[in-house]
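What follows is a set of notes on a single structure, which appears directly below.
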Amino acid sequence: MQLHTITAPKHKSVKRVGRGGKRGTFSGRGTKGQRARAGHRIRPQLRDALKKIPKKRGYRFTAFRVRPSVFNVALLERVFGQGETVSPQTLTEKGVLSKKSILRPHVKILATGVITKSLTIEGCEVSVLAKEKIEKAGGVVKEK
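See the structure below:
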């Protein structure tokens with residue numbers, strides 16, 4: 001017999017712990033605890049992860065609703081120049097909207113403040129009062 005002619009056994013028998021023999025007091029199970037007991041079974045981690053996920057409740061469950069990023073007309077007046085276009089992309093370029101939010105751009109413009117510049121609004125929801133103010137200043141609101 002030589003080293004290169006030895007083959008590994010096809011089925012290696014699994015060591016069954018705690019069956020007597022020469023292993024001493026704890027028989028290879030360590031000291032106390034759940035794993036040292038007979039019939040020990042550790043709960044799968046997947047179960048704990050699944051239980052942390054909240055259940056959907058009811059017809060109009062609001063926890064999972066995508067809420068829009070809200071901006072006021074006064075902010076548009078301050079950030080944008082005359083005749084510029086306001087969209088989720090331009091809001092991100094100006095640093096007003098975070099780059100994470102651009103992945104799901106959902107922007108709503110509200111009417112708080114005064115606007116004097118004519119702006120073009122694209123790809124944003126606009127409240128009724130804000131739309132009136134923007135159009136009164138000479139701007140255009142293009143619906144989604």
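Heads up: the sequence shown begins at 1 in full-length UniProt numbering, then just goes up one per residue. Using N, Cα and C, we set each Cβ at its ideal position, and we do this for glycine too.
Under the rule that 16 or more other beta-carbon atoms within 10 Å means buried, what is Ala130, buried or exposed?
-> buried
Can you tell me the Cα-Cα spacing of Lys133 and Ile115, whole angstroms?
-> 7 Å
On the three-state DSSP scale, how would you describe Val128?
-> helix
Length of the line joining the Cα atoms of Phe71 and Arg47 = 41 Å
At least three beta-carbon pairs within less than 8 Å, the region 30-38 to the region 71-90 | no
Taking DSSP as the reference, what is the three-state secondary structure of Thr116?
-> coil
Would you please state the rounded distance, in angstroms, between the beta carbons of Leu76 and Val66? I believe it to be under 8 Å.
-> Contact doesn't hold; Cβ gap of about 22 Å is too wide.
Val14 (DSSP reduced to helix, strand or coil) = coil
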